[in-house]
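Working notes, beginning with the structure itself.
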Amino acid sequence: MSKQMIISVMSQDRPGIIADITGAIYELQGDLADLNQSILFGYLTMILIANFDGDVNPEDVIARVSHIKSPTKLDVIVREMHTPIEIAPDGVPQKTYIVTAQGKNKRGLVHGISSFCYHHNINILDLATTRTGDQYTMILQLDLDKVESIAEIRQELQKYSEQSGLHVVMQHHDIFKVTNEIGF
Amino acid sequence: MLRSDQILATVEMIQKENLDVRTVTMGINLLNCRRDTIEATCEEIEGHIRNKAGNFVEACDFVSRKLGIPVVNKRISITPIALVAGGYLKDDFILLAQALERAATAVGVDILGGFSAQVEKGMTRTDREYIASLPEALALTDKVCASINIASTQKGINMDALTILGQTIKDIAEMTRDQHGFGAAKFVVFCNQPGDNPFMAGAIHGIEEADAVLNVGVSGPGVIARSLERLISEKGPNGLKLDEIAEDIKQTTFRVTRCGELVGRQVSDMLGIEFGVVDLSLAPTPTVGDSVGEILHILGVDAIGAPGSTAIVAMLNDAVKKGGIFASKTVGGLSGAFIPVMEDSLLAKAVGDNDLCLEKLEAMTCVCSVGLDMVPIPGDVDAATISAIIADEMALGMINSKTTAARLIPVPGKAAGEQVSFGGLFGASPVMPVKNVGKSSRFINWGGKIPAPVHSFKN
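As they're listed, the protein sequences go chains G and V. All the letters of the first sequence, read from the start, carry residue numbers 2 to 185 under my numbering. All the letters of the second sequence, read from the start, carry residue numbers -9 to 449 under my numbering.
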């Protein structure tokens, strides 16, 4: 019987690091199901899902990945997933919206907008932020499926925008898709 | 996830450049609404429109709220009324116009087009009755728009109809004298009129169309102007060539068209009505910052109408089409930049400053859509001269196989240079001078037809 594991790795980035990590999984005869990675200021973080034979344990994966030679240590967390995931459905949920929030940088901006989402039953699907000079930009991909009134959320966001001093805009994901992708 | 720069560029377009959908227009076939009496026909038409379009405005508003893109106008176009009303007399047509007004009001649309006839080859008795009804029909209604196709590349120009229409236009204006001849702003004369145009006053639901269809008109020139300003400020006035500017217009139009198509398709899904076309026309509004004239300024002529204006309009028109055609599954309608004088604040100003004359405007209509549009002229210009101005515009369309139109407003009691204002989307402008008045009547009095051009014989 196979086991599905979720593996998280964080390390300083260098050429070949992805080949090494996936190589370690390959040596354990693991099969990658999905992978997501991101680099921020020279640090790599990766989260991946892989299937292994029944006799491979999370400790084996940690041992193998931790032993990869690298200038900095690789921090690894592995968990066995007891409810296997299905293949992710195509596309995004129907009520996916994109919120952009821009303003002068200060502490607590991401906390503020993410708390807003939490209090209004909005799930954050993705989040990216950038800082240019003293301007901070947050781009959130949100699932508003559990929200009853989009109009109400718009009003609340307007209030939040006034309170926080951020310029907040919420638009449906479809608009970004159709204006930026060739297929429609 | 989409890239951050793409997201921010799109947000910029929606927030700062006032992206909107100018109109969603529902075309409705009325050919099955004919009944024994005029009263029963009126009732049937009213009921049919209420039935088809009852949820139309609500659906547009819902999609608009969901996507966060305003839909400025919700409109209806109908089968040209003269085809529905065969055998009816002038007074019957007036009753029909009033029934259409009631229906448009009941379903909450802004305007209704298709009080129309098609006479490019010849006029039936019904068509003549229809024409006779126009002054009263347009004076007694607010939302009803009329149009007539009197010419085509295939059939030539019906000069008999055009002779009558010069006087009809004067009568329409006179009948609405207390509104400065506003009735004439709701009436357009066409060559090669398309059956799927969502813009007014010339929208009809062509007889080639299905029972009901949704057509969309995209956002105005403001989006293009803001994008060009940004490009020029980034690259500096010396860091750009015209082909790069054309490319920017193309890409902006792609995005604008996509938004229009998205709104149209979602409304059409909600209503279970077939989606027709996206009309790529750049339609200005009197709002500052939403002007085709402004684009001419940005692209380098200090006066609209100065040499170079026609070339700029040609490039603009072409770039808009190239961007839009790839963006949309189905493009149609007029699909070209409009230069309606009263509806474009900078064109209107150019008339007041004597920069833009009727002849230059006519030249510009050779390379764009849709013709001499919303041009206020002195009320004392004679009928034959009006017919002759329209004949010139029709000839451009006929020979160049394109749509052209004329919406001239002979403003009662006003002379060249005096200001006239209709308010709202219809705008304001000084009255445009007309040269050589009264010198074309011998030509107009011939009547008959201008035969179809040789290149129409393609079979």
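The beta-carbon is built from N, C-alpha and C at its ideal position, and this holds for glycine as well.
Just tell me which of G/K105, G/D21, G/D76, G/V169 has its CA closest to the CA of G/S115. G/V169
Excluding the 5 residues preceding and the 5 following V/P70 in the sequence, name in chain order all residues of the same chain whose CB lies nearer than 7 angstroms to its CB. G104, S106, A107, Q108, I194
For G/L29, count neighbouring Cβ atoms within 10 angstroms of its own Cβ and tell me buried if that reaches 16, exposed if not. buried
Distance, Cα to Cα, V/C50 vs V/A89? 24 angstroms
Taking Cβ positions only, does G/H173 come closer than 8 angstroms to chain V? yes
Beta bridge counterpart(s) of G/D144 as assigned by DSSP: G/T97, G/N124
Could you check what DSSP says for V/L420 in three-state terms: helix, strand or coil? This sequence places Pro at residue 420 of chain V; Leu is not what is there. Residue state, collapsed to three classes: strand.
Closer than 7 angstroms by C-beta to V/G77: which residues in its own chain qualify, once you throw out the five before and the five after it? Chain order, please. T116
Is the shortest distance between the beta-carbon of V/V1 and the beta-carbons of chain G less than 8 angstroms? yes
Below 7 angstroms CB to CB, which residues in the same chain sit around V/I39 once its five sequence neighbours on both sides are set aside? I18, I66, A93, V97
Unbroken alpha helix (DSSP H) runs of length 4 or more, entirely within the region 359 to 430 of chain V: which are they? 373 to 390
Hey, does V/C358 have any beta-carbon neighbour from chain G nearer than 8 angstroms? no
At the 8 angstroms Cβ level, is V/S(-6) part of the contact set with chain G, yes or no? yes
Could you give the first and the last residue of the continuous beta strand (DSSP E) run that contains G/A34? 32 to 41
According to a CB-to-CB cut-off of less than 8 angstroms, which residues of the region 42 to 73 of chain V neighbour chain G? R55, K56, L57, G58, I59
Cβ-Cβ separation, G/A51 to G/D32 (assumed contact under 8 angstroms), whole Å: 6 angstroms
Could you please give the first and the last residue of the uninterrupted alpha helix (DSSP H) stretch that includes V/M165? 149 to 165
Return yes when the Cβ of V/T95 is within less than 8 angstroms of the Cβ of V/K145, no when it is not. no
Using the beta-carbon of each residue, which ones in chain G are nearer than 8 angstroms to V/L270? Correct list: empty, because the minimum Cβ distance to chain G is about 15 angstroms.
Terminal residues of the continuous beta strand (DSSP E) containing V/N139? 134 to 142
Using a Cβ-Cβ cutoff of 7 angstroms, what residues of the region 228 to 249 of chain V are near chain G? List them in chain order. R245, R248, C249
Determine whether the Cβ of V/I214 lies closer than 8 angstroms to any Cβ atom of chain G. no
Using DSSP's beta-bridge definition, name the partner residues of V/E264. V/V203
Using only the alpha-carbon positions, how far apart do V/L(-2) and V/A395 sit? 40 angstroms
In terms of residue numbering, what span does the alpha helix (DSSP H) encompassing V/D308 cover? 299 to 317
Starting from the Cα of G/G134, find the closest Cα among G/K105, G/I140, G/K178, G/H121 and give me that residue. G/K105
With H, G and I counted as helix, E and B as strand and the rest as coil, what does DSSP make of V/C356? coil
Would a C-beta distance cut-off of 8 angstroms place V/I84 and V/S137 closer than the cut-off? no
Residue-level contact to chain V via CB, G/N181, 8 angstroms cutoff: yes
For V/V47 and V/L261, what's the separation of their Cα atoms in angstroms? 10 angstroms
Strand pairing of G/K4, partner residues [DSSP]: G/F53
Compute the Euclidean distance between the alpha carbons of V/G207 and V/T15, then round it to the nearest angstrom. 8 angstroms
Limits of the beta strand (DSSP E) - the one that V/L102 falls within: 101 to 108
Just the chain G side, please: which residues come within less than 7 angstroms of V/I(-3) by C-beta, in chain order? I99, T101, I140, F177
Start and end residues, alpha helix (DSSP H) containing V/K225: 211 to 225
Using a C-beta cutoff of 8 angstroms, does V/L252 count as contacting chain G? yes
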